[in-house]
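Residue numbers (the numbering used here), protein chains in the order written: chain A, 36 to 367; chain U, 36 to 367.
Yeah, the Cβ is synthetic: ideal placement off N, Cα and C, and Gly gets one too.
Single-structure report; data block below.
There are 2 protein chains.
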Amino acid sequence: MTTYTAINLKQRPEPGPIPASTFEVVQKALPSAGPGEIVVKQTYMSLDPAMIGWMSSDTKSYIPPVALGDVMRSSGTGEVVDSNHPDFAVGDRVMGMTGWTEYFVSSGQGLNKLPAGVDEEQALSVFALPGLTATQGLYGVAKPKSGETIVVSGAAGSVGSIVGQLAKADGLTVIGVAGSDDKCQWLVNELGFDGAINYKTDDVNAKLTELAVNGVDIFFENTGGTIQQHIFEHMNAHGRVAVCGMISDYASSEPSAGPNWIPIIKKRLMIQGFTMPDHYAQVPELLAKLTPYVMKGQIKYRAHVLDGLPSAVDGLNMLLTGGNKGKLMVKL
Amino acid sequence: MTTYTAINLKQRPEPGPIPASTFEVVQKALPSAGPGEIVVKQTYMSLDPAMIGWMSSDTKSYIPPVALGDVMRSSGTGEVVDSNHPDFAVGDRVMGMTGWTEYFVSSGQGLNKLPAGVDEEQALSVFALPGLTATQGLYGVAKPKSGETIVVSGAAGSVGSIVGQLAKADGLTVIGVAGSDDKCQWLVNELGFDGAINYKTDDVNAKLTELAVNGVDIFFENTGGTIQQHIFEHMNAHGRVAVCGMISDYASSEPSAGPNWIPIIKKRLMIQGFTMPDHYAQVPELLAKLTPYVMKGQIKYRAHVLDGLPSAVDGLNMLLTGGNKGKLMVKL
Numbered sequence: 036m037t038t039y040t041a042i043n044l045k046q047r048p049e050p051g052p053i054p055a056s057t058f059e060v061v062q063k064a065l066p067s068a069g070p071g072e073i074v075v076k077q078t079y080m081s082l083d084p085a086m087i088g089w090m091s092s093d094t095k096s097y098i099p100p101v102a103l104g105d106v107m108r109s110s111g112t113g114e115v116v117d118s119n120h121p122d123f124a125v126g127d128r129v130m131g132m133t134g135w136t137e138y139f140v141s142s143g144q145g146l147n148k149l150p151a152g153v154d155e156e157q158a159l160s161v162f163a164l165p166g167l168t169a170t171q172g173l174y175g176v177a178k179p180k181s182g183e184t185i186v187v188s189g190a191a192g193s194v195g196s197i198v199g200q201l202a203k204a205d206g207l208t209v210i211g212v213a214g215s216d217d218k219c220q221w222l223v224n225e226l227g228f229d230g231a232i233n234y235k236t237d238d239v240n241a242k243l244t245e246l247a248v249n250g251v252d253i254f255f256e257n258t259g260g261t262i263q264q265h266i267f268e269h270m271n272a273h274g275r276v277a278v279c280g281m282i283s284d285y286a287s288s289e290p291s292a293g294p295n296w297i298p299i300i301k302k303r304l305m306i307q308g309f310t311m312p313d314h315y316a317q318v319p320e321l322l323a324k325l326t327p328y329v330m331k332g333q334i335k336y337r338a339h340v341l342d343g344l345p346s347a348v349d350g351l352n353m354l355l356t357g358g359n360k361g362k363l364m365v366k367l
Numbered sequence: 036m037t038t039y040t041a042i043n044l045k046q047r048p049e050p051g052p053i054p055a056s057t058f059e060v061v062q063k064a065l066p067s068a069g070p071g072e073i074v075v076k077q078t079y080m081s082l083d084p085a086m087i088g089w090m091s092s093d094t095k096s097y098i099p100p101v102a103l104g105d106v107m108r109s110s111g112t113g114e115v116v117d118s119n120h121p122d123f124a125v126g127d128r129v130m131g132m133t134g135w136t137e138y139f140v141s142s143g144q145g146l147n148k149l150p151a152g153v154d155e156e157q158a159l160s161v162f163a164l165p166g167l168t169a170t171q172g173l174y175g176v177a178k179p180k181s182g183e184t185i186v187v188s189g190a191a192g193s194v195g196s197i198v199g200q201l202a203k204a205d206g207l208t209v210i211g212v213a214g215s216d217d218k219c220q221w222l223v224n225e226l227g228f229d230g231a232i233n234y235k236t237d238d239v240n241a242k243l244t245e246l247a248v249n250g251v252d253i254f255f256e257n258t259g260g261t262i263q264q265h266i267f268e269h270m271n272a273h274g275r276v277a278v279c280g281m282i283s284d285y286a287s288s289e290p291s292a293g294p295n296w297i298p299i300i301k302k303r304l305m306i307q308g309f310t311m312p313d314h315y316a317q318v319p320e321l322l323a324k325l326t327p328y329v330m331k332g333q334i335k336y337r338a339h340v341l342d343g344l345p346s347a348v349d350g351l352n353m354l355l356t357g358g359n360k361g362k363l364m365v366k367l
C-alpha cells in the first residue's frame, strides 16, 4: 500500500443536517518520518459535539476554525508505524489530536502514550476529551459538595455520563436528562443515577419536583433547549451552572432563547462557560483527579463504534440528533 | 403631636403598575424608647428597585418578603429623638433599614451614624445600598482591569451611575445604556462616561460596534431586556457579567426571554447574580473601598427627591418606568 485516505473540510456547514458534500475524500501518498518525526496509523477516531463548532467560520470562538481544504480536526488513538523520535518506538500506542485521516506525521507534540491496560475504546470514552471535560467542568467550575443535588443534561452522552458518575461517587444526588427511555434506564440501572428524565416525553417540571426534593445545587448543561428554564426554577440559592455544550442549538438556524435572568439574581446563581483548550496545561492534574475513580470501577462507559473513515459524516449527524448510544467513535 | 404616619403592605402587587390600594396608610401613637432602645425620626426614605421584589410572595428569594400588614421595608436616614442607648445620643444622624414610617423604635442594630460632612442625600445616593451594591458588584463579581471595556445597563440609575464612575476612575472604557437622550447626555457630559446608548432609539448593535471597538469585557446588568443578546454578541473571551437587577422584568407579567447560551461557551463567559444581603458582613470593607473615590470627587450623583411619605407609591412606579432622574428618595 502506497496511499491512504483522508477527509478534508470542503465547505462550512449550514444549520441543519450535515451533508456529505461538506467534505472531500482524498488519497495521499504514504509518508515516512523525517528527522525527529513519527508516522502514526490511526486506530480509533473520536467524534465529539465540539467538532460542529470547529467547522464553523466563527473566528472569535475558543479555537480557530478548521481551514477549508484542511484535514477535518478530531482526536483519536493510533499506533506508531515509523519513528525518528527518541521518545516513540514503532508499536507504541498513542492518543491526541489526530484528524480525519488514516495516517499522519507528527513531531510527537500533544501525543501521549496509552497507559498499559487501557484499551482504545476506554481511552477515547474516558481518558480523552470526555473525561477531561467532565473533570474540569465538575471540579473546576461546579465545585460539588457531598449531599448536594446535580442535574446533568445530555446525561447519556460521553461527558454527561462521566459527570454523573463522578458526582454519584462523591455523594451527590444525581439526576440525568436524556432523550429516550433506553438512555434513562441505562443511567439509572447501569450507571447508578438517582433518577432520569426523558425530556421528550416527561413533564420535566413535575419530574424535577419529584426527583430533586431538596432543589438543585448544580446544573451541568450539555444540550441547551427549554429544560434550562425548568431547571432554573428548581435551583437553590448559590447554585452553580457549568455550561459545557449546547448541542441542540449547534445545528439550528434559530438558536433557542435562554431563560429569563430573574432567578440569576434571586438565587445568586453563578453560570460559567468552559472549554477544554483553556485547560490543556492542567491535563496532568485532571487525569490525576479522574484516574482513581476509573481504577475503583466507578466510571462505566459504553462506546458506540462506527466502521471506517467515511462513516464519520453519519456520526456527526448522530451527535446532532442524539442518535448515538454512548461515546461515538470510528474504528479505522 | 402624639401620632405619626406609617404605610403598611396590604396586598401583593400584580405585574404592571403598582396601585395605591397595595398599601394602607395608618396612624400610630408616637413611641418612646424602652431600655436600650432609641426612637428615630426618619428624614429621608430611599426608594430602590429591590423593593419591588421584597413585596412579592416569593419565599425562595434572597430575603423573606415583607409580610402583609407589616410596615413596607426600605432604607433611609433619620435623627435620634429619644435614646436609652449608650451609643446613640439625641440629635445623632443615622442611616440603615427604616421602613415606610415617620418614626420607629430600634435597638440600634443595623443603624450606622452618618459621617460628618456627608448630608442625607449623599448618604442615600452614594453610601447606602447604591454605592455598596455598585462596589460589591464591580469589585467582588466583575473584577475590572485597567484598559478593559465595561457596558453598564440602567447606567443613569443609582447603582449604574456609580459603577460607571468607579470603572472610569480605574481606567476602563465605560459605555452606559439608558432610556433617554437626557440621561445619555448626563452620563457622558457630567459623569465622564466614554459613550452612551439610548436603548429606546439607538441601533444598540451598531452603537456597540462603534463604541466598544475592542469588544466588551464586563457587562454590568441592571435592567434585563433585549440588550442582553446584543451585548453578548460583543463580549470578549473570558468576559464577566455581574447581574445586579432586572427592573424591566420585575413588573412584567411575561418576563422577557434571555439570550441563547452559545456565547457563554464560545467565550467562556462568567455570569454571577448577587444581592447585598449576602454581603452585609463586608460593608466595612466595601465602604473602605468606595470612600476614597468619593473623597477625590470621582463619584457624582443626582438625587431625585419626592415630598412626603405618600409620594413613595408614585416613586415605586417611577422606578418601574425609568421616570426618575437620579437616586430616588422621599423627604419626610
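Backbone secondary structure at SER118/U - three-state DSSP: strand
Same chain, Cβ closer than 7 Å to TYR234/A, five either side skipped, listed in chain order: VAL212, GLY214 and ILE262
4-residue-minimum alpha helix (DSSP H) runs that sit fully inside the segment 227-307 of chain A, ordered along the chain: 239-246, 262-269, 282-285 and 297-301
Proximity to GLU256/U [Cα-Cα], best of ILE42/U, HIS314/U, GLY308/U and GLY131/U: GLY308/U
As assigned by DSSP and simplified to three states, the class of LYS63/A: strand
Chain U contact for VAL251/A (CB, 8 Å cutoff): no
Residue range of the unbroken beta strand (DSSP E) whose run includes ALA213/A: 208-213
Stretch pair the segment 124-131 of chain A + the segment 87-94 of chain A: three plus CB contacts closer than 8 Å: no
The segment 98-117 of chain A in contact with the segment 214-228 of chain A per 3-pair CB rule at 8 Å: no
The beta strand (DSSP E) enclosing TYR315/U, as first and last residue numbers: Unbroken run through TYR315/U: none, as it is neither H nor E.
Where the alpha helix (DSSP H) through LEU355/U begins and ends: 346-356
Residues, ordered as in the chain, of the segment 293-312 of chain A that lie near chain U by beta-carbon distance below 9 Å: GLY293, PRO294, ASN295, TRP296, ILE297, PRO298, ILE299, ILE300, LYS301, LYS302, ARG303, LEU304, MET305, ILE306, GLN307, GLY308, PHE309 and THR310
For THR258/U, the nearest candidate out of THR208/U, LYS63/U and VAL186/U (CA to CA): VAL186/U
Residues sharing a beta bridge with VAL129/U, DSSP: GLY113/U and LYS148/U
Members of the segment 82-97 of chain A near chain U, C-beta cut-off 8 Å: GLY88, ASP93, LYS95, SER96 and TYR97
Touch test, the segment 262-277 of chain A against the segment 298-306 of chain A, Cβ-Cβ under 8 Å, three pairs minimum: yes
Closer than 8 Å at the beta carbon, the chain A residues around VAL101/U: Within 8 Å Cβ-Cβ: nothing; VAL101/U doesn't reach chain A, min ~15 Å.
Span of the alpha helix (DSSP H), counted from its first residue to its last, around LEU201/A: 193-204
Contact with chain A by ASP217/U, beta-carbon distance below 8 Å: no
Spatial distance of VAL239/U from SER288/A (CA atoms): 23 Å
For ASN359/U, the three-state DSSP class (helix, strand or coil): coil
Burial state of ARG275/A (16 or more Cβ within 10 Å): buried
Distance between beta carbons of TRP296/A and GLU278/U, contact taken as under 8 Å: Here residue 278/U turns out to be Val, not Glu, going by the sequence shown. About 6 Å separates the two Cβ atoms, so the contact holds.
CB contact below 8 Å: GLY189/A versus chain U: no
Span of the beta strand (DSSP E) around LYS76/A: 73-81
LEU226/U beta carbon less than 8 Å from that of GLY260/U: no
Spatial neighbours of MET353/A in its chain, beta-carbon cut-off 7 Å, leaving aside the 5 residues before and after: ASN359 and LEU363
Beta-carbon spacing of VAL74/U, VAL140/U below 8 Å: yes
Environment of TYR39/U [buried if 16+ CB atoms lie within 10 Å]: buried
Which of helix, strand or coil DSSP assigns to ASP342/U: strand
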